[in-house]
Ligand code: T68
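Numbering (UniProt numbering), first residue to last: 39 to 868.
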């Protein structure tokens, strides 16, 4: 479908020009207002101006996107495909302005046109197609893949509803739908011409070919169409623009004529409509597997469409199948896309006619699997019966994969029946279940955890047997990272500017280790003063957000801002934090007016969503709000303590919150938080951390120095024996925590009865998350924080040194490690 040579000169004459001046920007802006939006200068509000601005930027991105794809096709090197059921992208406009370095020009231009850029940026709804860390990691990774000029695509689902919007009503979380596509979305390109049929249900036909070789053929029973939406992903300071392709489900245009002719028109149309429900809504659970049929349908739909696309691209190159793994690397973001392993094996064996072993070697060399959790309730399992109905041929293939795997294990460890049943992909439970993590390990050439401690833990706990079988080299670590473009330059422009003034350029945004040079200024009093001023300004910005969202006034911007924002989960222990706040409150109440003067003023800030069906997490939200209500209205407390719950925590709010912390909390029970990434965001923005020895906190400590972090609590190696001891020897909560619980029970924070379950799980039901065991140590660490904060100069010095040594936590570094150690892929310019 390419244009004949004789016409190409004409094309080239009119090749699209990118805007590169105020004139050319304004020209394009007005054209988009008048044509794309069909409006005029008499009828252009901020939303329209946001859209015309975005359309203009988008034109530039698409121009570069096209060239990038041509260049990558011409070079024909190995590509990476990042499969993720979640991409928590947030807003696109500001990020595109920063990455393409057009922000100043665009600010001046929209000013000319009668608008304020900051206001236009706020008009964009977040693309919130993810739950938390896992989805945001995928978003940081596609930014780094583009910035590092890797030939890479992201593949996911274009949900019509992202993570729900959270309202707080009477202190309770109330979920409302996030219909983010209400207005035209300038950041997506609908590829309606791409229509991939995806089948479900049906049955398998077993036949033999002319040579007597067995053949299997899946006849699907229900068909939907996958259509593509492309999101251009611009790299920083490069013309490289990669593609994020998200799939949307459509009904087939074929009609059920049997039903139609039998007079059942209504039902035959309704069946078609059901197709759209597949990509309607993101499942709102973080670190939890709910096992719903529609979720499995989402997974297969997305994975089958993506593989179809990848194989079509591969076939264009006319290479033999033996070269597939020189061309394609696929990374599985958690087990959610594990069915891709089975689907590729099915395509190669059933449709392409490859022998099983050859197909299986292609499959295993193609995939890499990233694990994000050790929590048992989060490990995916699917009932065999469900697979039998929904994907009958895939079930057969899983049985065969498992059979061949168990045969090799049997050879290696003869007569160890226990081992065979432990590592079998099929769990012989009632009902029988398929263990997706085991399938992912067996079908991949590398398995990685997301922080050092976590990667060690998976080798010694949940995947121990597989280390014995495959050897330790199959298991590796890639510590998570975050993109400094969004999380420093975009979120904290003042700090970025101050840093640039000392480093002499913005090169640190591509090589974050250059921040190291800031160490030289940790004692420079002028620099220290400016550094502190930036923090104060960012706190003022957050005070404004809090006032707008909650109507709570923060009277004292000098107070210590202590922040915990992340999904609400018992393992993340927001309950420990709020109990600490209550303890502080009780101390203030007990103190005389004279003694009260010695308390350091503090603002305790929370934010985060609970899964809609997670009762305990919802109770924690209610408790935080009830405590806030009491404390904020107690005249004895005054400015000494304020408690805030910021509703609807999301990416765009995180951009305001992360730069404003003095202290942030990363206090999971040791061994439960695989990595954490907000810890990295807060450190990079000059906040100090209070945390447990868990996830990436360990490496943060190593990088920034233990004198710059407030660690506390039991170590992960002791957690199991403590739990065991709780169960068999009983346990006693510390006095300090008993006092806190008594205050709750005495209705000091609304009806104490309401929080009974929360209290009882700690007091009587084993205290699984070790809140009691870590409480005193937590209070001690908080005392050290108070002490430390009094010495402003020392505190700011810690802040500067932390930022200077946080370069390791760039997602650019993480992506380079994946590229070299797992994908064997090179940047396009090497
Ligand atoms: C997070 N996992 C980890 N899961 O909890 C966090 N789960 O420690 C880590 O830093 C981050 O991944 C990135 O590696 C999640 O966010 C989910 O959101 C999730 C979603 C669906 C099902 C299970």
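By construction, the Cβ of each residue, glycine as well, lies at the ideal position given by its N, Cα and C atoms. Just so you know, these numbers come straight off a predicted model, no measurement behind them.
Report task. Label residue 247 either buried or exposed according to how many other C-beta atoms from any shown protein chain fall within 10 Å of its C-beta, with 16 as the threshold for buried. Result -> Exposed, because fewer than 16 other Cβ atoms sit within 10 Å of the Cβ of residue 247.
Query raised in the report: Taking 7 Å as the cut-off, is the CB of residue 495 close to at least one heavy atom of the ligand T68?
Result: Taking non-hydrogen atoms of the ligand T68 into account, the C-beta of residue 495 is found less than 7 Å away from none of them.
Query raised in the report: Can you tell which of 280, 816, 85 and 61 has the C-alpha that lies nearest to the C-alpha of residue 71?
Result: Of the listed residues, the one whose Cα sits closest to residue 71 is 85.
Report task. Compare the Cα-Cα distances from residue 276 to each of 547, 428, 366 and 812 and report the closest residue. Result -> Nearest C-alpha to residue 276: 547.
Query raised in the report: Ordered along the chain, which non-local residues of its own chain (more than five positions away) have a Cβ less than 6 Å from that of residue 662?
Result: For residue 662, where only same-chain residues beyond five positions count, the Cβ hits under 6 Å are 616, 644 and 683.
**Report entry** Stretch pair the segment 225-238 + the segment 251-267: three plus CB contacts closer than 8 Å
**Finding:** Using a Cβ-Cβ distance cut-off of 8 Å, the segment 225-238 and the segment 251-267 are in contact, since at least three pairs of beta carbons, one from each stretch, lie closer than that value.
Query raised in the report: Expressed to the nearest angstrom, what Euclidean distance is found between the alpha-carbon atoms of residue 338 and residue 327?
Result: Distance from the CA of residue 338 to the CA of residue 327, rounded to the nearest whole angstrom, comes to 16 Å.
**Report entry** Option nearest residue 217 by Cα separation, candidates 167, 155 and 816
**Finding:** Out of 167, 155 and 816, 167 has the C-alpha closest to the C-alpha of residue 217.
Requested in this report: Return yes when at least one heavy atom of the ligand T68 lies under 7 Å from the C-beta of residue 486, else no.
Outcome: Using a cutoff of 7 Å, the CB of residue 486 does not count as near the ligand T68, since none of the ligand's heavy atoms is closer than that.
Requested in this report: For residue 368, name the three-state secondary structure that DSSP assigns.
Outcome: Residue 368 sits in a strand when the DSSP states are folded into three classes.
Query raised in the report: My guess is that residue 710 and residue 609 are in contact by the Cβ rule of under 8 Å, so how many angstroms apart are they, rounded?
Result: The pair is a contact, with the Cβ atoms about 4 Å apart (cut-off 8 Å).
Query raised in the report: Between the Cα of residue 325 and the Cα atoms of 810, 813, 656 and 649, which residue gives the shortest distance?
Result: Ranking 810, 813, 656 and 649 by Cα distance to residue 325 puts 649 first.
Report task. May I have the straight-line CA-CA distance separating residue 559 from residue 566, to the nearest angstrom? Result -> Taking the straight line from one Cα to the other gives about 8 Å.
Query - Contact belief for residue 170 with residue 656 at Cβ below 8 Å, rounded distance in angstroms - result: Taking C-beta atoms under 8 Å as the contact rule, residue 170 and residue 656 fail to qualify, at a distance of about 16 Å.
Requested in this report: State yes or no: is the C-beta of residue 158 nearer than 7 Å to some heavy atom of the ligand T68?
Outcome: Using a cutoff of 7 Å, the CB of residue 158 does not count as near the ligand T68, since none of the ligand's heavy atoms is closer than that.
**Report entry** Residue environment, residue 99, which counts as buried when at least 16 other CB atoms sit within 10 Å
**Finding:** Residue 99 should be labelled buried.
Report task. Taking the CB atoms as reference points, tell me whether residue 405 and residue 481 lie closer together than 8 Å. Result -> Against a cut-off of 8 Å, the Cβ pair of residue 481 and residue 405 comes out as a contact.
Report task. Compare the Cα-Cα distances from residue 876 to each of 314, 464 and 535 and report the closest residue. Result -> Within the shown structure, residues of the chain are numbered from 39 to 868, placing residue 876 beyond reach of any answer.
**Report entry** Residue environment, residue 599, which counts as buried when at least 16 other CB atoms sit within 10 Å
**Finding:** Buried, because 16 or more other Cβ atoms sit within 10 Å of the Cβ of residue 599.
**Report entry** Boundaries of the alpha helix (DSSP H) in which residue 180 is found, first to last residue
**Finding:** Counting along the chain, residue 180 sits inside the alpha helix (DSSP H) bounded by residues 171-185.
Query raised in the report: Among 271, 422, 428 and 624, which one has its Cα closest to the Cα of residue 468?
Result: Taking only the C-alpha atoms, the option nearest residue 468 is 422.
**Report entry** Residue interval of the beta strand (DSSP E) (run including residue 640)
**Finding:** According to the DSSP assignment, residue 640 belongs to the beta strand (DSSP E) that extends over 640-645.
Query raised in the report: Shortest alpha-carbon distance to residue 347 belongs to which of 493, 229 and 434?
Result: Measuring from the Cα of residue 347, the nearest candidate turns out to be 229.
Query raised in the report: Since residue 598 sits in a beta bridge, which residues does DSSP pair it with?
Result: Answer by DSSP bridge pairing, in chain order: 640.
Report task. Go ahead and label residue 735 buried or exposed: buried means 16 or more other beta carbons lie within 10 angstroms of its beta carbon, across all protein chains shown. Result -> Buried, since its Cβ has 16 or more Cβ neighbours within 10 Å.
**Report entry** Which residues DSSP lists as bridging residue 288, in chain order
**Finding:** For residue 288, the pairing in a beta bridge is given by DSSP as 263.
Query - Nearest neighbour of residue 157, chosen from 639, 245 and 132 [CA to CA] - result: In this structure, 132 is the residue among 639, 245 and 132 with its C-alpha nearest to the C-alpha of residue 157.
Requested in this report: Run the CB neighbour count on residue 726, radius 10 Å, all protein chains shown included, and call it buried at 16 or more, exposed below.
Outcome: Here residue 726 is buried, its C-beta having at least 16 other C-beta atoms within 10 Å.
Requested in this report: Could you work out which residue in 525, 355, 222 and 285 is closest to residue 137 when comparing CA atoms only?
Outcome: When only C-alpha atoms are compared, the closest one is 525.
Query raised in the report: According to DSSP, what are the bridge partners of residue 244?
Result: Answer is 254.
Requested in this report: Using the DSSP secondary-structure output, state which residues sit across from residue 485 in a beta bridge.
Outcome: Beta-bridge pairing links residue 485 to 407 and 513.
Query raised in the report: Pick from 746, 367 and 802: whose alpha carbon is nearest that of residue 761?
Result: Minimum Cα distance to residue 761 is reached at 802.
Query raised in the report: What does a CB cutoff of less than 7 Å around residue 184 pick up in its chain, not counting 5 residues either side in sequence?
Result: Excluding residues within five positions, the ones whose Cβ falls inside 7 Å are 271, 272, 273, 278, 279 and 280.
Query raised in the report: Any idea which residues DSSP pairs residue 204 with across the strands?
Result: The partner list for residue 204 (beta bridge, DSSP) reads 213.
Requested in this report: Taking only the alpha-carbon atoms, compute the straight-line gap between residue 214 and residue 589 and give it to the nearest angstrom.
Outcome: Using only the alpha carbons, I get a separation of about 21 Å.
Query raised in the report: Can you find a heavy atom of the ligand T68 that lies under 7 Å from the Cβ of residue 172?
Result: Indeed, a heavy atom of the ligand T68 lies less than 7 Å from the Cβ.
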